[in-house]
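What follows is a short report on a single structure.
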C-alpha cells in the first residue's frame, strides 16, 4: 500500500514485484509476484474506507481519509487488481458492484449513526 501513497506513483507505469518474505497470521511465508494481486486486495479489504460486516462492506463517509486521498489510492489499487490479476473485490456490498440497474440505496445501509440520523431528518422534511 505504501507504493501507491508515494508522490512518484504513476498508475500507467509498469509495476515490478519481487520475491520476498511476509509475516501473515504469525507465520513467515514466501511471496511470489503472482501473489501480489491477492495481497493487494487483502490490504483493500482491511482499509479504513470500508465499514460494515466482513463480506458486505460499504464505503464509509470519512472526511479525513478523503482529505488524505485514501479513496483515490484504493481506486488505483482496485484497478490494478482487476486489470492485472483478475482478483475481484467480493467483500463489497451489491450496490457498489452493480451492473446495468443499480439497487436503490436505503438509509439503513449507512452505519454511521449521526450521519444516518441527519439524512433521516432531511428525508422526513422532504416527504
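Numbering (our numbering), first residue to last: 1185 to 1311. We put the beta carbon where it would ideally sit given N, CA and C, even for glycine.
Supposed close pair residue i, residue j - CB separation, criterion 8 Å
i	j	result
residue 1233	residue 1244	6 Å
residue 1275	residue 1238	7 Å
residue 1262	residue 1255	About 11 Å separates the two Cβ atoms, so there is no contact after all.
Unbroken alpha helix (DSSP H) run spanning residue i, endpoints
i	result
residue 1260	1254 to 1264
residue 1229	1220 to 1229
residue 1294	Here residue 1294 belongs to no alpha helix (DSSP H), and DSSP marks it neither H nor E.
Which residues DSSP lists as bridging residue i, in chain order
i	result
residue 1235	1242
residue 1276	1241
Residue i burial status per 10 Å Cβ neighbour count (16 or more: buried)
i	result
residue 1294	buried
residue 1303	exposed
residue 1241	buried
residue 1258	buried
residue 1203	Its pLDDT being 48, under 50, residue 1203 is placed unreliably by the model, and nothing is read from it.
Cβ neighbours of residue i in the same chain (closer than 8 Å, five flanking residues each side left out)
i	result
residue 1265	1221, 1224, 1225, 1228, 1271, 1272 and 1273
residue 1291	1300, 1303, 1304 and 1307
residue 1296	1235, 1244 and 1245
Contacts around residue i, its chain only, beta-carbon distance under 7 Å, and the 5 residues preceding and following it disregarded
i	result
residue 1268	1221
Cut-off 6 Å between Cβ atoms - residues of its own chain near residue i, not counting five sequence neighbours on either side
i	result
residue 1231	1258
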